[in-house]
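Working notes, structure below.
There are 2 protein chains.
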Amino acid sequence: MEVEKLMIQSALSNWNLTINRLNKFFGALSTEDFYEPIAPSKNRIIYVLGHLAAVHDRTQEILGLTARQHPELEKPFVTNPDRAVEPIPEGKELLALWNEINTHLYNGMLTFAPIHWIGRHQAVSEDDFRKDPSRSCLSVLLNRTNHAGYHLGQLMLSGKLKS
Amino acid sequence: MEVEKLMIQSALSNWNLTINRLNKFFGALSTEDFYEPIAPSKNRIIYVLGHLAAVHDRTQEILGLTARQHPELEKPFVTNPDRAVEPIPEGKELLALWNEINTHLYNGMLTFAPIHWIGRHQAVSEDDFRKDPSRSCLSVLLNRTNHAGYHLGQLMLSGKLKS
Numbered sequence: 076m077e078v079e080k081l082m083i084q085s086a087l088s089n090w091n092l093t094i095n096r097l098n099k100f101f102g103a104l105s106t107e108d109f110y111e112p113i114a115p116s117k118n119r120i121i122y123v124l125g126h127l128a129a130v131h132d133r134t135q136e137i138l139g140l141t142a143r144q145h146p147e148l149e150k151p152f153v154t155n156p157d158r159a160v161e162p163i164p165e166g167k168e169l170l171a172l173w174n175e176i177n178t179h180l181y182n183g184m185l186t187f188a189p190i191h192w193i194g195r196h197q198a199v200s201e202d203d204f205r206k207d208p209s210r211s212c213l214s215v216l217l218n219r220t221n222h223a224g225y226h227l228g229q230l231m232l233s234g235k236l237k238s
Numbered sequence: 076m077e078v079e080k081l082m083i084q085s086a087l088s089n090w091n092l093t094i095n096r097l098n099k100f101f102g103a104l105s106t107e108d109f110y111e112p113i114a115p116s117k118n119r120i121i122y123v124l125g126h127l128a129a130v131h132d133r134t135q136e137i138l139g140l141t142a143r144q145h146p147e148l149e150k151p152f153v154t155n156p157d158r159a160v161e162p163i164p165e166g167k168e169l170l171a172l173w174n175e176i177n178t179h180l181y182n183g184m185l186t187f188a189p190i191h192w193i194g195r196h197q198a199v200s201e202d203d204f205r206k207d208p209s210r211s212c213l214s215v216l217l218n219r220t221n222h223a224g225y226h227l228g229q230l231m232l233s234g235k236l237k238s
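So the protein sequences, as listed, match chains C and P. For the first sequence, my numbering assigns the number 76 to the initial residue and increments by one for each residue that follows. For the second sequence, my numbering assigns the number 76 to the initial residue and increments by one for each residue that follows.
Here it is in structure tokens:
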């Protein structure tokens with residue numbers, strides 16, 4: 076396999092590893108667990124789930140795959156802090172959205188050739204991209220993987236999943 | 076620039092982003108702050124710092140750069156949970172080690188050609204690598220970036236740094 080294809084394979088495999096760990100965490104929750112904070116007086120688990128779903132939904136747009144499918148997630152889970160917007164969808168409903176968004180996003184990413192990965196993403200102008208060619212679609216994938224891992228670390232503090 | 080070089084640049088830039096955020100966090104701490112838990116009854120900040128330093132020290136070996144320089148970090152910060160091994164180095168001393176290890180690791184990574192990045196890392200056998208060529212040095216970099224981001228997410232919950 077070519078060097079760049081192996082590199083993309085590593086990046087996608089790292090993405091999957093993090094998404095699978097998040098799925099394992101969310102999948103083990105009871106209906107009530109979603110409303111527990113990750114630590115005393117911190118964000119609730121359901122807010123983190125909604126936040127991740129909203130960010131991954133927007134990522135589809137940034138990678139040029141599709142317009143975001145769930146703009147309604149932005150206000151309660153990105154623009155505002157936890158508990159500021161009510162009502163919000165229930166835990167299991169959000170979990171279904173999260174799975175739907177990730178499946179669509181991942182299937183889209185599988186279609187990208189290496190040249191697309193090193194190309195400009197939709198949130199950077201052509202001028203800015205010329206100045207800094209590291210602002211590529213691949214950077215978005217790596218950055219979102221890290222963002223998901225950052226929140227996974229917080230969720231694991233809740234003690235809802237032991238390993 | 077060639078496709079694979081741009082890809083490596085993105086991966087290294089993502090690494091730097093996470094390390095810089097961790098450095099900002101650790102650099103803002105008072106001597107006492109290091110001994111605070113990240114959340115009630117959870118690991119102390121100093122344990123997370125020692126853990127990250129130990130893992131990055133070992134990463135130098137796994138990438139084939141050098142034998143680990145600080146094996147003494149393994150017992151208190153990797154093999155055992157927080158508070159199980161005493162005494163441990165002081166916060167500022169660990170922070171100096173952390174900086175030294177990261178500088179050495181990063182300078183080493185800068186010398187790797189793309190072909191080295193997609194090559195086998197030292198913790199996988201030649202046989203296993205043939206079966207799964209995604210277990211490369213690049214995978215180690217991406218995995219360690221995620222690991223650092225995971226703990227950054229936890230540290231940020233301590234409220235010691237606001238942004």
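The beta carbon of each residue, even a glycine, is placed where N, CA and C say it ideally should be. Please read these numbers as outputs of a predicted model, since none were measured by experiment.
Chain C contacts from the stretch 214-228 of chain P (Cβ-Cβ distance under 7 Å): Residues of the stretch 214-228 of chain P with a Cβ closer than 7 Å to any Cβ of chain C, in chain order: 214, 217, 218, 220, 221, 224, 225, 226, 227 and 228.
Inter-stretch contact at 8 Å, needing at least 3 Cβ pairs: the stretch 159-173 of chain C / the stretch 120-139 of chain C: The stretch 159-173 of chain C, when compared against the stretch 120-139 of chain C, does touch it at the 8 Å Cβ threshold.
Sub-8 Å separation of residue 196(P) and residue 209(P) beta-carbons: Result no, Cβ atoms of residue 196(P) and residue 209(P) do not sit closer than 8 Å.
Environment of residue 79(P) [buried if 16+ CB atoms lie within 10 Å]: The C-beta of residue 79(P) has 16 or more other C-beta atoms within 10 Å across all chains shown, which makes the residue buried.
Close-in-space but distant-in-sequence residues of the same chain around residue 169(C) (CB under 7 Å, 5 per side omitted): If we look at residue 169(C) and ignore the five residues flanking it on each side, its Cβ neighbours are 121, 124, 125 and 128.
Identity of the residue in 150(P), 87(P), 104(P) and 157(P) nearest residue 185(P) by Cα: Comparing Cα-Cα distances from residue 185(P) to each of 150(P), 87(P), 104(P) and 157(P), the minimum goes to 87(P).
Contact the stretch 216-231 of chain C vs the stretch 215-230 of chain P: 3+ CB pairs below 8 Å: Under the Cβ criterion (8 Å, minimum of three pairs), the stretch 216-231 of chain C counts as touching the stretch 215-230 of chain P.
Contacts of residue 190(P) in chain C (Cβ-Cβ under 9 Å): Result: 78.
Residue 151(P) (DSSP reduced to helix, strand or coil): Reduced to three states, the DSSP call for residue 151(P) is helix.
Contact check, residue 191(C) vs residue 135(C), beta carbons under 8 Å: No. Outside cutoff.
Below-8 Å beta-carbon distance, residue 162(C) vs any chain P residue: So, not an interface residue.
Residues of its chain near residue 214(C), where Cβ-Cβ distance is below 8 Å and the 5 sequence neighbours each way are ignored: If we look at residue 214(C) and ignore the five residues flanking it on each side, its Cβ neighbours are 196.
Residues near residue 108(P) by beta carbon distance below 7 Å, same chain, minus five either side: Short of 7 Å from the beta carbon of residue 108(P), and not among the five residues preceding or following it, lie these beta carbons of its own chain, in chain order: 120 and 235.
Per-residue burial, residue 93(C) [other beta carbons within 10 Å of its own, 16 or more giving buried]: Counting every other CB atom within 10 Å of its CB across the protein chains shown gives residue 93(C) a total of 16 or more, marking it as buried.
Proximal residues of chain C, C-beta to C-beta of residue 170(P) below 7 Å: By Cβ distance, chain C contributes nothing, its closest Cβ being about 20 Å from residue 170(P), past 7 Å.
Contact set between residue 84(C) and chain P, taken where Cβ atoms lie within less than 7 Å: Neighbourhood of residue 84(C) in chain P, by CB distance below 7 Å: 209, in chain order.
Residue 106(C) - containing alpha helix (DSSP H), residue span: For residue 106(C), there is no enclosing alpha helix (DSSP H), as DSSP gives it neither H nor E.
Best match in 167(P), 198(P) and 177(P) for proximity to residue 103(P) [C-alpha to C-alpha]: It is 167(P).
Closer than 8 Å to chain P by CB, residue 115(C): Taking a beta-carbon distance threshold of 8 Å, residue 115(C) counts as an interface residue toward chain P.
Below-8 Å beta-carbon distance, residue 93(C) vs any chain P residue: Yes, because at least one Cβ of chain P sits closer than 8 Å to the Cβ of residue 93(C).
Per-residue contacts from residue 137(C) into chain P (C-beta, under 7 Å): The premise fails here: residue 137(C) is roughly 15 Å from chain P at the closest Cβ pair, so nothing lies under 7 Å.
Contact check, residue 137(C) vs residue 198(C), beta carbons under 8 Å: A contact, by the Cβ cut-off of 8 Å.
Beta-carbon contacts of residue 139(P) that lie in its chain and below 6 Å, excluding the five residues immediately before and after: The residues are 197.
Per DSSP, cross-strand counterpart(s) of residue 211(C): Looking at the DSSP assignment, residue 211(C) forms a beta bridge with 195(C).
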